[in-house]
Structures are given as structure tokens and as C-alpha cells.
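Chemist:
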Amino acid sequence: MTAALAITGRSAAALAKPKRLIGFGILELLPTVLFLVAAAQAPADDETSIAIIFATSFYFPLIAPIVTMIVAAGALGAERRDNTLSFIVLRPVSRIQIAAAKVAAAVLAATVINAIGAISLGTAYALVNGRTNLIVPLLVGGFIVSACYTAIFVPFGFITNRAVVIGLIFLFVIENGVVVALSGMAWLSPWRIGYSAFVGLLAKPIVDLGAEADEVVDAALGSLAGGAGGALAKTAVLLIVGTLLSAWLLRKRDLA
Amino acid sequence: MNVAPNNDPAFVADPTVVVDGVTKWFGQKVAVSELSCSFGPGITGLLGPNGAGKTTLLRMLTGLIRPSEGSISLLGEQPRLKPQVYRGVGLVPEENSTYPNMTARSYLAYAAQLNDLEDPKAAVDRVLETVQLTDVADRKLGGFSKGMRQRTKVAAALVHDPRVLVLDEPLNGTDPVQRVRLIDLFRRLGSDGRTVIVSSHILEEVERVSDRVIAIVDGRLAAAGDVGAIRRAMADIPYRVRVDVDRGRDLAAALLTDSIVHGVQVTDRGLVVETEDVTQLGVDLLPLAKDVDARVTMFRPEDASLESVFRYLVDSR
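One line per chain: the protein sequences are V and L, in this order.
Letter by letter, the first sequence follows residues 1 to 256 of this note's numbering.
Letter by letter, the second sequence follows residues 1001 to 1317 of this note's numbering.
#1: Comparing alpha-carbon positions, which option in V:ILE116, V:VAL89, V:ALA105, V:ASN83 lies nearest PRO1100 (chain L)?
#2: Return helix, strand or coil for PHE1299 (chain L), following the three-state DSSP convention.
#3: Beta carbon of GLY23 (chain V), beta carbon of ILE63 (chain V): below 8 angstroms?
#4: Going by the CB atoms, is the gap between VAL1266 (chain L) and ARG1249 (chain L) shorter than 8 angstroms?
#5: What in chain V is Cβ-close to TYR1086 (chain L), meaning under 9 angstroms?
#6: Report the neighbours of ARG1220 (chain L) on chain V: residues whose CB is nearer than 7 angstroms to its CB, in chain order.
#7: Give, in chain order, every residue of the stretch 1112-1125 of chain L whose Cβ lies closer than 7 angstroms to some Cβ of chain V.
#8: If I'm right that VAL1017 (chain L) touches LEU1074 (chain L) with Cβ under 8 angstroms, what's the distance once you round it to whole angstroms?
#9: Along the beta strand (DSSP E) that carries GLY157 (chain V), what are the first and last residues, could you check?
#10: Which residue from L:ARG1181, L:VAL1196, L:PRO1170 puts its Cα closest to that of VAL1131 (chain L)?
#11: Starting from THR257 (chain V) and walking both ways along the beta strand (DSSP E), at which residues does that stretch end?
#12: Go ahead and label VAL1159 (chain L) buried or exposed: buried means 16 or more other beta carbons lie within 10 angstroms of its beta carbon, across all protein chains shown.
#13: Within 10 angstroms of the Cβ of MET1060 (chain L), are there 16 or more other Cβ atoms? Answer buried if so, exposed if not.
#14: Suppose the cutoff is 6 angstroms on Cβ atoms and the five residues either side in sequence are ignored; what does the same chain contact list for LEU249 (chain V) look like?
#15: Using a 10 Å radius around the Cβ and a threshold of 16 neighbouring Cβ atoms, would you call MET1 (chain V) buried or exposed?
#16: Which class does THR32 (chain V) belong to by DSSP, given the choice of helix, strand or coil?
#17: DSSP has ARG1212 (chain L) in a bridge; who is on the other side?
#18: Let me know if SER246 (chain V) comes out buried or exposed under the rule of 16 or more other beta-carbons within 10 Å of its beta-carbon.
#19: Could you give the uninterrupted runs of the alpha helix (DSSP H) lying entirely in the stretch 1120-1174 of chain L, keeping only those of 4 residues or more?
#20: Across which residues does DSSP place SER1073 (chain L) in a beta bridge pair?
#21: Residues in its own chain within less than 6 angstroms of ALA1052 (chain L) by CB, not counting five upstream and five downstream?
#22: Going by DSSP, which residues form a beta bridge with LYS252 (chain V)?
#23: Just how far apart, CA to CA, sit VAL1003 (chain L) and VAL1164 (chain L)?
#24: The beta strand (DSSP E) that contains ALA1031 (chain L), what's its start and end?
#25: Could you give the DSSP three-state label for LEU1061 (chain L): helix, strand or coil?
#26: Got a sec: which bits of the stretch 67-85 of chain V sit with their beta carbon under 9 angstroms from any beta carbon on chain L, in order along the chain?
#27: Would you kindly check if the distance between the Cβ of CYS1037 (chain L) and the Cβ of ALA1224 (chain L) is under 8 angstroms?
#28: Could you check whether the Cβ of GLU1095 (chain L) sits closer than 8 angstroms to any Cβ belonging to chain V?
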């Protein structure tokens, strides 16, 4: 257990190192800046719709997935590229413990970075509107997006150096392209799992979305229904599968 | 597992590491071919030219890569199936396996935590002292010289006091003073009853470190035994010597009367002479050339490299 915790702590610190936190942190602030600009120019009482639209258009489908892909692909992939994998695997630690520790580290690092975007947008909304009820849904949704992409990109980053490039193509072409046109394929899109939790946690009727925001939310959800319980269950399944797959790869593949 | 053939110098009586008919392919390339040998307490040098398959073999020994055929037993277990075996194994890989942003002390503490040691701090202090890095222990590894990083890797491999220590070209990048100290350390570890396997492509280096040598070339076993036996095997090899001379045929006839000459081939520039004793040939050549009135302009052993010697040994096995 000590070994697994050591791997998680050391890996999380490496994946969310200060330079990376600053770079990704600036990216994470983009929806907040756009929200503040738009809210300043919009008629009164439109802040909720605007915040939802920017979360829906930028935070969930772009920023959180991209950040997580980059972070998670390095969890095992960077160790392999930097020849440091032997330092970890030639220890009396089972492969499943190593895999679980790496997945946990990547979830932790990605969640911390994605929390910058969630907290800043939620706080900006609270400052403009006086309500704090966006912060928790954004944080939960951000955590789920972080966990879902981590479950996929820790093993994927281990088997190919091009994991992030392939992930970006999938994100833009399939998730943000094909799925928008064919809403029945929304199950293919990991960010929509986090987004469905976000929508489920929006405290209706306190949050009364305008028609435009409703339309954006429905289009983004596709065939998925809003709800945090189902999203968390799907996330747990993905994390288990991702961890088992990573452990299997560590056992079966040549590690140098 | 095959039983080690009696008196085969590739095997030891009380092995801790057993290689049984191991082959490794990378795509179409065979890196190690049907290799069988074993390692036991003491220091064994794994010798061979660059690209011979030493690193591949060491990676298979430690379970980093899987054999395509055959099997490997490390302390009686298959390491990829039983990670607990790594409590008794330390590896110093050839490549830089350190984290540049960590200090030497935190890197070794990380190694100690991964081995779940009861007193990691004491273990770290002990190995820092062993490799004489205590003074720079709180400096980041990214600023270390190659030799210092090598010593840090050795310390990380020793932090849990392993029974089997595998070192892949551990003296690379070390200065002469550190080299002597590391060799002394490896000798101490070997004499303590640990199995120490040291790879190198330099015969003199292996000779200084180890008593027993396993030599491989092109992924195959070339020779095994004590260093003296390897030296003797090498002494029996006929060397090819290029001799540039103006009256080649006359000199060839004269050379064939010399008992150390096995054969002579006439070429455009002179001769290629096969001999078991290059030094003696050099002594004998000039009087013979004078007798036939020939002028020698070059005398050069053609294939005295370690690689060609080993290749000869492989072919003759």
C-alpha cells in the first residue's frame, strides 16, 4: 500500500507540475473570461443562460477533455518514453497496484487542473448573479470528465506516443462532429457523461434556463439524459476497465 | 527446466538465475538466440560487442521483456508472474532511468518506499554513503554528471539490499577514480554471496570486475568460463594479418615454412597471413623478407577486434 501511495503521490506531482498548472490554468480560464465579457454586454437576468452556454460550448466539450488527455497519456507513457518505467516495475509491487496508482494520480492531477475552470466559471457566475449553485455541478461534471478520459488515456498513452493526437481527432471529428449530427451516438462521447451529471445537478427550478440555453443543453446531451447517479456509475465502470487494461498491458507488453 | 550439463562452464552449481533455451525476436531481427546459461553467487561478467544482445538478455533476466521462446527463472520464480521476487533483485539499466527534477535523496527515498522498507531513511543514508554521494544528496539529478547519475542508479538498485544485482554497463561515464571504487564495491557485493551480473563490451573491464565470464555475440553464447579460459580460447584463434609487400609470392613461400603460419593468401597488395601468434609473426617476418629480397610496407592484424574473436568462438562451438 505504501508503494502504491508513493507512486500516486509522485506521479500526480509530476503530471500537475507548476509549469503545467500555469499553462493549463490559463486555458481553463477561457470560458470564464468569455462569460464575463458576454455577461457585461447582455441584458439583465441572462447570466444563467450565458454561463450554461459557455460551459456547454467550451468547458465540457473542449477544455476539460483536452487537458485530461494530455495529462493522462503521460501517466505511463512518459515513464516509458523517459526510460523510468523499470524503476517502478522492478519492485515488489503488483501490476494492478501500479496501474491503479497511475490511474488515481492522473485522475487527481486532471481533476485539480479542471477544477480551475469549474471554480472560476462558477465563481464568476456567483459574482455577477449572486448565486453559487453552478460551482458544485461544474466541479462534479469536471471530475467525471477527468475520470472518464483518464480511464481511456492512461492505457492508450502507454501503447502509443500518438495517443493525444488520435484523441484530439476523435474529440473533434466524432464527439464534437458526428455525435452532434447523430444524437443517438452520444454514448460514444466521454465528455457527455460528465456533462449529463452537470445538467442533472443544476438545481431546477432555481436555475431557470432560457430557451436558447435549453436548446444548447439538449443538443449537447444528445440521446443521454441528465443525471449524476448514472454518470457516476458509468465513470466507475470505465475506471475499473481502464485500470484492469493498464495492468494487463504492464503484464503482457515488453517494458523496455 | 533443463538440467545444467556437467562441466559446462556456461552453468553454475548453485544458480540463482537460470536461462533456459531463450530466444528473443524483435520483428524479423533475432536479438538473442537459443541461449542457455546460469548465474550464481559471485560476479559474472556478461561480455560481448555492442549489439550482441547483452542488454536484451539482462532485460529478460529481470522480466522487463518477455522471451519469445524458452524460459527464465529468477530466484526460482518467473519475475513477470511474481513481482515479490523483486525484493531480492536490483537492476542498474544502461539508459538514464532517473527523474531529473528529483534530488538524489528523494529519488532513493522513492525507491525505498517502492520496496516497502521498514526504515527507508536509514536505507537511503546507507546507500548514499556506499556510493559516496552524501555530500550532493540534496542536489537535483538533472544537474548531475553521467558518472554521478550512474552511482545514483547503483544506489537505487542497492537500497533494498538485493540478493541478485544486475548491472548493464555500470561503469559507463564514470571517471577512473569512481571506476576503481565501483569495481571495488561490486567485488565486495560478490564476495558477500550476492549474485552480481555485470555487462560490458570491454574485455579488460570485465576482467577487472569478474572471475567468471559469459561471452555472447549475435545473441548466441560465444564462450563461458573463467577469464583465464576465455583468454586461452582467444589465444588459439588464428589471426589474419595483412602484409603489404612487393614480392608477395616469394615471401608467401618463405612464410609457409614457419610453424606459426597456418596459411597465406596472395592479394593485389601483398599477402593475408593466418597465424596463431601475431607478435611472433612480426618478429619472424622481416628476416624472411630480407632472405627473399622483399620490401614490407605494412603489417597490420586485420581482425583482432573483440567482435571477430567472439564470432570465431561462436562458429567453433
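We put the CB at the ideal spot given by N, CA and C, even for glycine.
Modeler: According to the data block:
#1: V:ASN83
#2: strand
#3: no
#4: yes
#5: VAL89, LEU90, ARG91, PRO92, VAL93
#6: In chain order: nothing, as chain V lies at least about 21 angstroms away.
#7: GLN1113, LEU1114, ASN1115, ASP1116
#8: 6 angstroms
#9: It is not in any beta strand (DSSP E) - GLY157 (chain V) instead sits in the alpha helix (DSSP H) that spans 135-159.
#10: L:ARG1181
#11: The question about residue 257 (chain V) has no answer here: the residues shown for chain V are numbered 1 through 256.
#12: buried
#13: buried
#14: PRO155, PHE158
#15: exposed
#16: helix
#17: L:THR1044, L:ASP1226
#18: buried
#19: 1120-1130, 1146-1158
#20: L:VAL1018
#21: ILE1216, VAL1217
#22: Its beta-bridge partners do not exist; DSSP assigns none.
#23: Confidence in VAL1003 (chain L) is poor, its pLDDT being 44 and thus under 50, which makes the residue's placement unreliable; the coordinate value appears in the next sentence. Whole-angstrom Cα-Cα distance: 21 angstroms.
#24: 1029-1039
#25: helix
#26: ASP82, ASN83, THR84, LEU85
#27: yes
#28: yes
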